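Asks: Residue numbers (our numbering): 1054 to 1264.
One structure is given below, represented as structure tokens, and several questions about it will come after.
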Ligand SMILES: Cc1cc2nc3c(=O)[nH]c(=O)nc-3n(C[C@H](O)[C@H](O)[C@H](O)COP(=O)(O)O)c2cc1C
């Protein structure tokens, strides 16, 4: 059994300096995301999404980023799930990426809105048929009696829809509009680089945070 207190490593692979960050945080995200895609990071588009429930308690889970541009960052889910109902009640969220192979993390802070039905349908229809049936079969985040029940529901919807699986009204995307980004680059001796971008008066400004 390893001693957890001794588990640590030094970060020495890259640096993030004011002289090499983009003025536009979306550009900076693209550079780092492209680096992650080009490296041996598995599921580079996997991100942790934080939500706050009606009871004021936070929760987090991993989802896949399915698109981003200057209009925001998009993922897809069941609107009736825990995260879905949380976000509909309180649109404040954080999307968080950790890419250990690059000693990097990114936090993106903002508020979400549902994507249009057209946009959700376009993505839904691009998914494999069985994934689309899976969306119908799973009342995500609700208690079920057994694995069998889930597989039975899957078989029922497969029988019902065949290959022509419509977009469920309870399923779609959320697009997050950011107001803050943090780019974190691990460095030696715990002197990490932390550059934040905040939006105000129509422009993004950067600052450095102490690690
Ligand atoms: C790598 C990975 C990718 C995932 N992608 C999604 C996704 O894109 N959408 C989604 O609803 N759940 C996704 N999940 C499942 C979620 O982590 C979560 O279990 C599920 O959405 C229910 O969360 P909730 O009960 O907090 O709403 C993914 C899980 C992992 C580990």
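Note that the Cβ used here is the ideal one computed from N, Cα and C, for glycine as well.
Keep in mind it's a predicted model, so treat the numbers as computed, not measured.
#1: Which residues in the same chain have their Cβ closer than 7 Å to the Cβ of residue 1260, if we skip the five residues on either side of it in sequence?
#2: Does DSSP put residue 1062 in a helix, in a strand, or in coil?
#3: Given the structure, does residue 1165 come close to ligand 1, in the sense that its CB is under 6 Å from one of the ligand's heavy atoms?
#4: What would DSSP say about residue 1131, mapped onto helix, strand or coil?
#5: Between the segment 1061 to 1069 and the segment 1234 to 1246, can you find at least three pairs of beta-carbon atoms closer than 8 Å?
#6: Does the beta-carbon of residue 1191, which I'm using as the reference point, lie nearer than 6 Å to any heavy atom of ligand 1?
#7: Can you check whether the CB of residue 1139 is closer than 7 Å to the CB of residue 1164?
#8: Give me the residue from 1231, 1213, 1094 with the minimum Cα distance to residue 1182.
#9: Would you please state the rounded distance, in angstroms, between the beta carbons of residue 1189 and residue 1210? I believe it to be under 8 Å.
#10: Taking 7 Å as the threshold (C-beta atoms), are residue 1127 and residue 1215 in contact?
#11: For the candidate residues 1262, 1191, 1089, 1168, whose alpha-carbon lies nearest to that of residue 1099?
#12: Have a look at 1257, 1254, 1244, 1080 and flag the residue whose alpha-carbon is nearest the alpha-carbon of residue 1263.
#13: Using the rule of at least 16 other Cβ atoms within 10 Å of the residue's Cβ for burial, across every protein chain shown, is residue 1091 buried or exposed?
#14: When the Cα atoms are used, what is the spatial distance from residue 1229 to residue 1148?
#15: Give a single yes or no on whether residue 1128 has its beta carbon closer than 6 Å to a heavy atom of ligand 1.
#16: Report the partner residues of residue 1246 according to the DSSP bridge assignment.
#17: In angstroms with no decimal places, state the Cα-to-Cα distance between residue 1231 and residue 1161.
#18: In whole angstroms, what is the alpha-carbon distance linking residue 1110 and residue 1056?
Replies: Inspection of the coordinates gives the following:
#1: 1249
#2: coil
#3: no
#4: strand
#5: yes
#6: no
#7: no
#8: 1213
#9: 4 Å
#10: no
#11: 1089
#12: 1244
#13: exposed
#14: 9 Å
#15: yes
#16: 1238
#17: 6 Å
#18: 32 Å
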